[in-house]
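Peer 1:
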Amino acid sequence: MANTFITVKEIARQTLPRLIENLVFPNLIHKDFSETFVNGKGATIQVKKPVVLTASEFDESTGTSSQDVKEESVEVTLDKLATVDVEFGAIQRVTNVDDLNRLFLEPAAVALAEKINSDGLYLYKDIPYVTGTAGTTPSAITDISAVRKALNANKVPTAGRRAVWDTEADGKFCTIDAILNAEKSGSTQALREGSIGRVMGLDNYMSQAVKTHTKGTLSASVKPKAATSAGAKTLVLSATSVTGTLVKGDILTILNDTYVVTADATAASNEISVGIYPALKKDVTTSTAVSVSDSHTANLAFNPSAFAFVTRPLAAPAGVESYVTSYNGVTLRVVRGYDMKYKKETLSMDVLYGYKTMYPELAVVAMG
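Residue 161 in this note's numbering sits at position 123 of the sequence shown, and the numbers go up by one each step.
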């Protein structure tokens, strides 16, 4: 059926479902969506954190113990704006719906989804809990059991646990009988073809956007400059001669506990002051060893409440044809405009969003 004129409304309504189908990470975590329009990138909003409760064993002698339901909120900056822009003339020349899907809608949806997935997986930088060995790809069922053990140790709710693995780990896991059998059983409700099955209480997925963390350039081993008590959120580390950096996402091991560096820091005068999460668990002295994990692939395992994908609809710009549509916690804006300087008609598709780590203790980085 020929298209005499393809409206931005038609394009938006056909593209958004395809975009959602291609999303991986946002579909696995908590979503926060509101129909309230915002002006654009950089908007800061208040988002309610998912409520986390703890189940306990009933004791007949003491009775029940009630918990406070605390609905906390955090600020989230909508600092990501994924966009695909093309000259509209090429779209106008499309003669049927199949061509429209093949030439524009499908590629645009894939491109937007790739960027949105990629941005979300940078949240590994907030997680101090790790398993595996830096530089060694997870390849055995014991690597998955180690993740399970770490989640259990942090008392992460068992319901809805997910893991996102890079292509190397996915390739290794696909040769394990337990995973092959999970796929063949028909019991796995996969969200998309990226699923590699449910194993040991984890729904496992593959993403090409899993990040590789490159550690800072610190030139020497460091120790605390002064004795520091448990509870500190900043450590001053020193050595006889040290230069270089620690970067956000670096993992420090101190007295068998792991911490994540919360912001980039640079050494000066043979010392470096660094923020850490969680707060220091044990007292340290000037002789306490501090090690920095090597560069690694940051596979992620988590409960959905660990992270939030936050999106809001963009306001329609004045004086141009536009349409905003929302579905399943994602919103898409399509704008048709004209550049007078270059005398070109353009079509722009964009999604405004932000990510936030809500509960770091509900996630684990499986290093590879």
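No residue lacks a Cβ here, since even glycine has one placed at the ideal position from N, Cα and C.
Is the beta carbon of aspartate 302 closer than 7 Å to that of valine 285?
Peer 2: Position 247 of the sequence shown, counted from the start, is the residue given in the question as residue 285. Position 264 of the sequence shown, counted from the start, is the residue given in the question as residue 302. Yes, the pair counts as a contact, with Cβ atoms nearer than the cut-off.
Peer 1: Answer yes or no: do asparagine 155 and alanine 247 have a C-beta to C-beta separation smaller than 7 Å?
Peer 2: Translated into positions along the sequence shown, residue 155 becomes position 117. Translated into positions along the sequence shown, residue 247 becomes position 209. Against a cut-off of 7 Å, the Cβ pair of alanine 247 and asparagine 155 comes out as a contact.
Peer 1: Considering only the alpha carbon of each residue, which of Leu61, Gln52, Thr53 lies closest to phenylalanine 347?
Peer 2: Along the sequence shown, read from residue 1 onward, the residue named residue 347 stands at position 309. Comparing Cα positions, the closest option is Leu61.
Peer 1: I need the boundaries of the alpha helix (DSSP H) containing valine 415, first residue and last residue.
Peer 2: Only positions 39 to 406 of the chain appear in the structure, and residue 415 is not among them; the question remains open.
Peer 1: Just to confirm the assignment: which complete alpha helix (DSSP H) runs, minimum length 4, are found wholly within the segment 305-383?
Peer 2: none
Peer 1: Give a yes or no on whether the C-beta atoms belonging to serine 329 and threonine 291 are separated by under 7 Å.
Peer 2: In the sequence shown, residue 329 corresponds to position 291, counting from 1. In the sequence shown, residue 291 corresponds to position 253, counting from 1. Going by C-beta atoms, serine 329 is nearer than 7 Å to threonine 291.
Peer 1: Please classify lysine 52: does DSSP put it in a helix, a strand, or coil?
Peer 2: Position 14 of the sequence shown, counting from 1, holds the residue named residue 52. The identity of residue 52 in the sequence shown is glutamine, whereas the question assumes lysine. Reduced to three states, the DSSP call for glutamine 52 is helix.
Peer 1: Using the Cα positions of leucine 338 and alanine 184, report the straight-line distance between them to the nearest angstrom.
Peer 2: Along the sequence shown, read from residue 1 onward, the residue named residue 338 stands at position 300. Along the sequence shown, read from residue 1 onward, the residue named residue 184 stands at position 146. About 13 Å.
Peer 1: Determine the DSSP secondary structure at threonine 255, reduced to helix, strand or coil.
Peer 2: If you number the sequence shown from 1, residue 255 lands on position 217. The answer is coil: DSSP assigns threonine 255 none of H, G, I, E or B.
Peer 1: Once DSSP output is grouped into helix, strand and coil, what is the label at alanine 207?
Peer 2: Here residue 207 corresponds to residue number 169 of the sequence shown, with the count starting at 1. Looking at alanine 207 - three-state DSSP - the assignment turns out to be helix.
Peer 1: For the putative contact between asparagine 341 and valine 168, defined by C-beta atoms under 8 Å, what is the C-beta separation to the nearest angstrom?
Peer 2: As a working mapping, residue 341 is identified with position 303 in the sequence shown. As a working mapping, residue 168 is identified with position 130 in the sequence shown. Not really, about 17 Å apart at Cβ, beyond 8 Å.
Peer 1: By alpha-carbon positions, which one of Tyr380, Lys379, Lys79, Thr349 ends up nearest to isoleucine 67?
Peer 2: Translated into the one-based positions of the sequence shown, residue 67 becomes position 29. Checking every option, the nearest Cα to that of isoleucine 67 belongs to Thr349.
Peer 1: For the structure I just gave you, are there three or more beta carbon pairs, one from the segment 140-153 and one from the segment 251-263, closer than 8 Å?
Peer 2: no
Peer 1: Would you identify the three-state DSSP class for aspartate 123, choosing helix, strand or coil?
Peer 2: Indexing the sequence shown from 1 puts residue 123 at position 85. Three-state result, aspartate 123: strand.
Peer 1: Quick one: grab the DSSP three-state call for serine 183.
Peer 2: Against the sequence shown, residue 183 aligns to sequence position 145. Reduced to three states, the DSSP call for serine 183 is helix.
Peer 1: Report buried or exposed for serine 99, applying the criterion of at least 16 other Cβ atoms within 10 angstroms of its Cβ.
Peer 2: Taking the first residue of the sequence shown as position 1, residue 99 is located at position 61. Looking at its Cβ environment, which holds fewer than 16 other Cβ atoms inside 10 Å, serine 99 is exposed.
Peer 1: Might you give, ordered along the chain, the residues of its own chain that have their beta carbon closer than 6 Å to the beta carbon of serine 225, omitting 5 neighbours on each side?
Peer 2: To locate residue 225, count along the sequence shown from 1; it is residue 187. Its pLDDT being 46, under 50, serine 225 is placed unreliably by the model, and nothing is read from it.
Peer 1: According to DSSP, what are the bridge partners of leucine 385?
Peer 2: In the sequence shown, counting from the first residue as 1, residue 385 sits at position 347. Looking at the DSSP assignment, leucine 385 forms a beta bridge with Val124, Arg374.
Peer 1: Report the residue from Ala277, Val76, Thr369 whose alpha carbon sits nearest the alpha carbon of alanine 305.
Peer 2: Along the sequence shown, read from residue 1 onward, the residue named residue 305 stands at position 267. Of Ala277, Val76, Thr369, the residue nearest in Cα terms is Ala277.
Peer 1: Using DSSP with H/G/I as helix, E/B as strand and the rest coil, what is phenylalanine 63?
Peer 2: The residue you call residue 63 lines up with position 25 of the sequence shown. Here phenylalanine 63 carries a helix assignment [DSSP, helix/strand/coil].
Peer 1: Find the nearest neighbour of tyrosine 365 within the set Thr45, Lys47, Pro55, judged by alpha-carbon distance.
Peer 2: For the purposes of this step, residue 365 is taken as residue 327 along the sequence shown, with counting starting at 1. Comparing Cα-Cα distances from tyrosine 365 to each of Thr45, Lys47, Pro55, the minimum goes to Pro55.
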